[in-house]
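2 protein chains.
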Amino acid sequence: MKITDITIDRFKTTSRTVADADGHGHPAPEPYETTSSVMRIHTDEGVEGVTVGGNAALVESIVKPLLIGRDPFYREQIWHLLNERQRLHKGTLSDKLICAVDLALWDLAGKATHQPVYKLLGATRSKVPAYASTMCGDELPGGLSTPEEYGAFAKACQDKGYSAFKLHTWQPPIEWAPDPKMDVAACAAVRDAVGPDMRLMLDPFHFYDRQDACWIGRELEKLDYYWIEEPMDEQSMSSYKWLTDQLLIPVVGPETMEGKHFTRAEWIVQNAADISRAGVGDVGGLTPLMKTIHLCESHGVRCEIHGGGPGNLAALCAMQIPGEYYERGLLHPFVDYETPPPHLHSIADPLDDEGNVTIADTPGLGWDFDWEWIAAHPID
Amino acid sequence: MKITDITIDRFKTTSRTVADADGHGHPAPEPYETTSSVMRIHTDEGVEGVTVGGNAALVESIVKPLLIGRDPFYREQIWHLLNERQRLHKGTLSDKLICAVDLALWDLAGKATHQPVYKLLGATRSKVPAYASTMCGDELPGGLSTPEEYGAFAKACQDKGYSAFKLHTWQPPIEWAPDPKMDVAACAAVRDAVGPDMRLMLDPFHFYDRQDACWIGRELEKLDYYWIEEPMDEQSMSSYKWLTDQLLIPVVGPETMEGKHFTRAEWIVQNAADISRAGVGDVGGLTPLMKTIHLCESHGVRCEIHGGGPGNLAALCAMQIPGEYYERGLLHPFVDYETPPPHLHSIADPLDDEGNVTIADTPGLGWDFDWEWIAAHPID
Chain A
1 MKITDITIDR
11 FKTTSRTVAD
21 ADGHGHPAPE
31 PYETTSSVMR
41 IHTDEGVEGV
51 TVGGNAALVE
61 SIVKPLLIGR
71 DPFYREQIWH
81 LLNERQRLHK
91 GTLSDKLICA
101 VDLALWDLAG
111 KATHQPVYKL
121 LGATRSKVPA
131 YASTMCGDEL
141 PGGLSTPEEY
151 GAFAKACQDK
161 GYSAFKLHTW
171 QPPIEWAPDP
181 KMDVAACAAV
191 RDAVGPDMRL
201 MLDPFHFYDR
211 QDACWIGREL
221 EKLDYYWIEE
231 PMDEQSMSSY
241 KWLTDQLLIP
251 VVGPETMEGK
261 HFTRAEWIVQ
271 NAADISRAGV
281 GDVGGLTPLM
291 KTIHLCESHG
301 VRCEIHGGGP
311 GNLAALCAMQ
321 IPGEYYERGL
331 LHPFVDYETP
341 PPHLHSIADP
351 LDDEGNVTIA
361 DTPGLGWDFD
371 WEWIAAHPID
Chain B
1 MKITDITIDR
11 FKTTSRTVAD
21 ADGHGHPAPE
31 PYETTSSVMR
41 IHTDEGVEGV
51 TVGGNAALVE
61 SIVKPLLIGR
71 DPFYREQIWH
81 LLNERQRLHK
91 GTLSDKLICA
101 VDLALWDLAG
111 KATHQPVYKL
121 LGATRSKVPA
131 YASTMCGDEL
141 PGGLSTPEEY
151 GAFAKACQDK
161 GYSAFKLHTW
171 QPPIEWAPDP
181 KMDVAACAAV
191 RDAVGPDMRL
201 MLDPFHFYDR
211 QDACWIGREL
221 EKLDYYWIEE
231 PMDEQSMSSY
241 KWLTDQLLIP
251 VVGPETMEGK
261 HFTRAEWIVQ
271 NAADISRAGV
281 GDVGGLTPLM
291 KTIHLCESHG
301 VRCEIHGGGP
311 GNLAALCAMQ
321 IPGEYYERGL
331 LHPFVDYETP
341 PPHLHSIADP
351 LDDEGNVTIA
361 DTPGLGWDFD
371 WEWIAAHPID
């Protein structure tokens, strides 16, 4: 089988969230029209691999010259080619774009073999406990604008079946943010609202210094929180090693620091975090995410998966040690997460009454596109 | 798909090698009748996974109760179950038996999806440079009984196309073995016979002390050898850390030390070897071998694969960094390696004129059994 073409279809769709000046998502006042895209890897045997995303110009200039004519089952070779090519295309050939290519190749492998990807990887389970992962704090009354509102939302999530809840608290451009005391107040209000049994985690502002991060961590220990995530700039591994030494609560990371599985290996050797972390988008696809997971297993270190979506869910269903939760969201009291956007027939991560997400048993990664809708709403 | 049964067929076949009192293979005076077995994992959909080996009593008592009724694509789950069950069955439920189960499950996955296993893993290549790996030294005139005979055999391998050659030298029960000076004399004779360009490696007696191992290593440096392998008891990781500090020539290991990918992680963290090492039989299958490879890649450490056969070849064709050679053998001047035993239609590792082994593109792991022959030569 040979790759014959890679195409990107841009189309109109509807969104319920808007990004603030720092790039964090919040509820939109009304659903509004936006654009999205799907990338398709075509083969001479008619099998296609599909994923969301992809940049048409970069696919044309960098990806296609490397991939056309290759066997799409040579994922490992292709991933290394892209990884090496990245050196001279820093900031252009992003880990996210490599991720899109890798996910499309995995989708293709699943479709060619009539298997869901998690079974190709070697499955461990078909459902995973999820935590409700909030959007960042805001100034929308009734939303996530006060500690009490976080508490009320956590209780609503608990009532829906979730066994775990993670706060993203207030960040710039909110004028008074960040504020360690407000972070801890929100965490306390959540613990107060849900009682002692729900697993709780915090992912606060990412540029606190060591002292603020440590103070927050110690307060979370008193509140019986399950982990603390990225409270400092991950470019300083030394800061994380210091923080991990100071705290009893598990420190989770790295998440956004570049360097893929190689960076995770360094953090493990240095004991810079208690629990490792990666998602398909952070490390350049499902191929390096599985390597990260295998690295972590070899060292007896948990790896909590960053973000949701079909690629991360496939990884979670093919790992036993050390991944625990699916990150579901980001969620907000004002945003309907359960109804798919118009270009999808269904969401990839349906929740059951016990707070678990079940993976699709359809061939490939499990995207459930509405191709008619996409065809009817083209851009260009 | 569900696993419905696991069966072992024992049958008569022919062998050209005999084991000495220490378990090392040597040429048999004549081909002679021996026994072998194939393990088959059966499913409710008629697809079977097959591999060589398997112990009928242990499969019945330990493996079947764990596997019957499970989806054979749940390899990761099954591997962890067997790994945990091993704790109370030390020495009974061996890594080799877990390996056989895992290889049969991979073979099954390949057959169910009509893909060779190296493509399911994500391929990098379809052929791999091989090194000629000798049997241990002997006292058979014209065989491997003198340094000069090693030299002549290396030259014959070079003429056949091999670009690399590894000596296994003299060990007990040979009366005068081990002898560091004889090891080095054989290595010198080989270098002399093949000239400067062939890659040469040594895998000597495995229980030298630090001083002997270091002396041999320094002599190999003068002879421009490519690596030294397992010259000391691997139960002492400290000895390997010491040796690796002393030598410029890369030290390769661990190979036989138990603990699977977990042990490889410890050796990497401690810099106990320059190059890691594992084969499917050492770590309990292809599943943990790929984890070892991913671990090594994450740390920028090469991993040379121990032993041949379809499982190891599949791994080598799905890794780019850091695996270099296929270990072909064990070879001896008196033994015809190229002609398959009567229960196989063809060998799994055919050599081309340039010293490469090419992997089969048939579904599964690529065993090419002669089922008629096996059926016609049953034992019980």
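Heads up: the protein sequence lines correspond to chains A and B, in order.
Residues in the first sequence are numbered consecutively from 1, following my numbering.
Residues in the second sequence are numbered consecutively from 1, following my numbering.
The beta carbon of each residue, even a glycine, is placed where N, CA and C say it ideally should be.
All figures in this text were calculated on a predicted structure; none of them were measured in a lab.
Thinking just about the alpha-carbon of each residue, which of A:114, A:217, A:264 and A:355 is nearest to the one in residue 288 of chain A? Translated into positions along the first sequence, residue 288 of chain A becomes position 288. Residue A:264 is the option with its Cα nearest to residue 288 of chain A.
Chain B residues whose Cβ lies nearer than 9 Å to that of residue 69 of chain A: Here residue 69 of chain A is taken as the residue at index 69 of the first sequence, counted from 1. By Cβ distance, chain B contributes nothing, its closest Cβ being about 15 Å from residue 69 of chain A, past 9 Å.
Can you check whether the C-beta of residue 269 of chain A is within less than 7 Å of a C-beta belonging to chain B? As a first step, residue 269 of chain A must be located in the first sequence, where it is residue number 269. Judged by the 7 Å Cβ criterion, residue 269 of chain A is in contact with chain B.
For residue 227 of chain B, report the span of its beta strand (DSSP E) as first-last. Counted from its first residue, the second sequence places residue 227 of chain B at position 227. Start and end: 227-229.
Coarse secondary structure for residue 55 of chain B, derived from DSSP in three states: In the second sequence, residue 55 of chain B corresponds to position 55, counting from 1. Residue state, collapsed to three classes: coil.
Which chain B residues are close to residue 40 of chain A, counting only those with a beta carbon under 7 Å from its beta carbon? Reading the first sequence from its first residue, position 40 is the one you call residue 40 of chain A. By Cβ distance, chain B contributes nothing, its closest Cβ being about 20 Å from residue 40 of chain A, past 7 Å.
Chain A residues whose Cβ lies nearer than 9 Å to that of residue 207 of chain B: For this step, residue 207 of chain B is matched to residue 207 along the second sequence. Simply none; closest approach about 27 Å.
In this structure, how does DSSP classify residue 317 of chain B when only helix, strand and coil are distinguished? As a first step, residue 317 of chain B is located in the second sequence; it is residue number 317 there, counting from the start. Here residue 317 of chain B sits in coil by DSSP.
Who are the near neighbours of residue 115 of chain A in its chain, counting only those whose CB is closer than 7 Å to its CB and skipping five residues on each side? If you number the first sequence from 1, residue 115 of chain A lands on position 115. For residue 115 of chain A, where only same-chain residues beyond five positions count, the Cβ hits under 7 Å are 363.
Does DSSP put residue 208 of chain A in a helix, a strand or coil? Here the question's residue 208 of chain A lines up with position 208 in the first sequence. Coil.
Am I right that residue 149 of chain B and residue 142 of chain B are in contact with their C-beta atoms under 8 Å? What's the rounded C-beta distance? Counting from one through the second sequence, the residue named residue 149 of chain B turns up at place 149. Counting from one through the second sequence, the residue named residue 142 of chain B turns up at place 142. Correct: roughly 7 Å between the Cβ atoms.
I need the straight-line Cα distance from residue 140 of chain A to residue 55 of chain A, nearest angstrom please. On the first sequence, residue 140 of chain A is found 140 positions in, with the first residue counted as 1. On the first sequence, residue 55 of chain A is found 55 positions in, with the first residue counted as 1. Cα-Cα distance, rounded: 33 Å.
Supposed close pair residue 291 of chain B, residue 294 of chain A - CB separation, criterion 8 Å: Walking along the second sequence from the start, residue 291 of chain B turns up at place 291. Walking along the first sequence from the start, residue 294 of chain A turns up at place 294. Residue 291 of chain B to residue 294 of chain A, Cβ: 4 Å. Contact.
To which residues does DSSP link residue 322 of chain A through a beta bridge? Here residue 322 of chain A is taken as the residue at index 322 of the first sequence, counted from 1. None; residue 322 of chain A has no bridge partner.
7 Å Cβ cutoff, residue 122 of chain A in contact with chain B: Taking the first residue of the first sequence as position 1, residue 122 of chain A is located at position 122. So yes, residue 122 of chain A belongs to the interface.
Let me make sure I understand the geometry here. Which of A:28, A:96, A:78 and A:230 has the alpha-carbon closest to that of residue 53 of chain A? Position 53 of the first sequence, counting from 1, holds the residue named residue 53 of chain A. Minimum Cα distance to residue 53 of chain A is reached at A:96.
Cβ closer than 9 Å: which chain B residues qualify as neighbours of residue 264 of chain A? The residue you call residue 264 of chain A lines up with position 264 of the first sequence. In chain order: 298.
Length of the line joining the Cα atoms of residue 185 of chain A and residue 318 of chain B: Taking the first sequence and counting its residues from 1, the one referred to as residue 185 of chain A is at position 185. Taking the second sequence and counting its residues from 1, the one referred to as residue 318 of chain B is at position 318. Whole-angstrom Cα-Cα distance: 50 Å.
Terminal residues of the alpha helix (DSSP H) in which residue 83 of chain B lies: For the purposes of this step, residue 83 of chain B is identified with residue 83 of the second sequence, where counting begins at 1. Looking at the DSSP string, the run of the alpha helix (DSSP H) that includes residue 83 of chain B is 75-85.
Since residue 162 of chain A contacts residue 201 of chain A with CB under 8 Å, what's their CB separation in whole angstroms? What you label residue 162 of chain A is simply residue 162 of the first sequence in a count that begins at 1. What you label residue 201 of chain A is simply residue 201 of the first sequence in a count that begins at 1. Their Cβ separation, rounded to whole angstroms, is 12 Å, which puts residue 162 of chain A and residue 201 of chain A out of contact at 8 Å.
Check the Cβ of residue 186 of chain A against every Cβ in chain B and list those closer than 9 Å, keeping chain order. Counting from 1 along the first sequence, the entry for residue 186 of chain A is found at position 186. In chain B, no part has a C-beta under 9 Å from the C-beta of residue 186 of chain A; the shortest such distance is about 36 Å.
Residue from B:170, B:128, B:276 and B:377 whose Cα sits closest to the Cα of residue 207 of chain B: Translated into positions along the second sequence, residue 207 of chain B becomes position 207. For residue 207 of chain B, the nearest C-alpha among the options comes from B:170.
Quick check on residue 36 of chain A: buried or exposed, where buried means 16 or more other Cβ atoms within 10 Å of its Cβ? Here residue 36 of chain A refers to the residue found at position 36 of the first sequence. Burial call: buried.
Residue span of the beta strand (DSSP E) that contains residue 25 of chain B, given as start and end: Position 25 of the second sequence holds residue 25 of chain B. Following the DSSP letters along the chain, one finds residue 25 of chain B inside the beta strand (DSSP E) bounded by residues 25-43.
Check whether chain E comes within 7 Å of residue 295 of chain A, counting only Cβ atoms and requiring the distance to be less than that. Any reference to chain E falls outside this structure, whose protein chains are A and B.
Buried or exposed by the 16-neighbour rule on C-beta atoms within 10 Å, applied to residue 269 of chain B: Position 269 of the second sequence holds residue 269 of chain B. Flag for residue 269 of chain B reads exposed.
Measuring CB to CB, does residue 12 of chain A end up less than 7 Å from residue 377 of chain A? As a first step, residue 12 of chain A must be located in the first sequence, where it is residue number 12. As a first step, residue 377 of chain A must be located in the first sequence, where it is residue number 377. At a Cβ-Cβ threshold of 7 Å, residue 12 of chain A and residue 377 of chain A count as neighbours.
Please report the straight-line C-alpha distance between residue 74 of chain A and residue 125 of chain B, rounded to a whole angstrom. Start at 1 with the first residue of the first sequence, and residue 74 of chain A comes out as number 74. Start at 1 with the first residue of the second sequence, and residue 125 of chain B comes out as number 125. Looking at the two C-alpha atoms, the distance is approximately 8 Å.
If the cut is a Cβ gap below 7 Å, which residues of chain B does residue 86 of chain A touch? Taking the first residue of the first sequence as 1, we reach residue 86 of chain A at position 86. Chain B residues near residue 86 of chain A: none, gap ~15 Å exceeds 7 Å.
At a Cβ threshold of 7 Å, is residue 76 of chain A touching chain B? As a first step, residue 76 of chain A must be located in the first sequence, where it is residue number 76. Interface residue, yes.
Give a yes or no on whether 7 Å exceeds the smallest Cβ distance from residue 343 of chain A to chain B. Looking up residue 343 of chain A in the first sequence gives position 343. Not one chain B Cβ lies under 7 Å of residue 343 of chain A.
Mind listing the chain B neighbours of residue 119 of chain A? Cutoff is C-beta to C-beta under 7 Å, in chain order. Mapped onto the first sequence, residue 119 of chain A falls at position 119. Ordered by position in chain B, the residues that pass the 7 Å Cβ test against residue 119 of chain A are 73.
Contacts of residue 291 of chain A in chain B (Cβ-Cβ under 7 Å): Translated into the one-based positions of the first sequence, residue 291 of chain A becomes position 291. Residues of chain B passing the Cβ test: 294, 297 and 298.
How about the segment 247-266 of chain B and the segment 323-331 of chain B: do they share at least three Cβ pairs that are nearer than 8 Å? no
Under the three-state DSSP convention, the category residue 49 of chain A falls into: Here the question's residue 49 of chain A lines up with position 49 in the first sequence. Of the three classes helix, strand and coil, the one that applies to residue 49 of chain A here is strand, per DSSP.
Is the segment 168-182 of chain A touching the segment 13-27 of chain A, taking contact as three or more C-beta pairs under 8 Å? Yes: the two stretches touch, three or more of their Cβ pairs being nearer than 8 Å.
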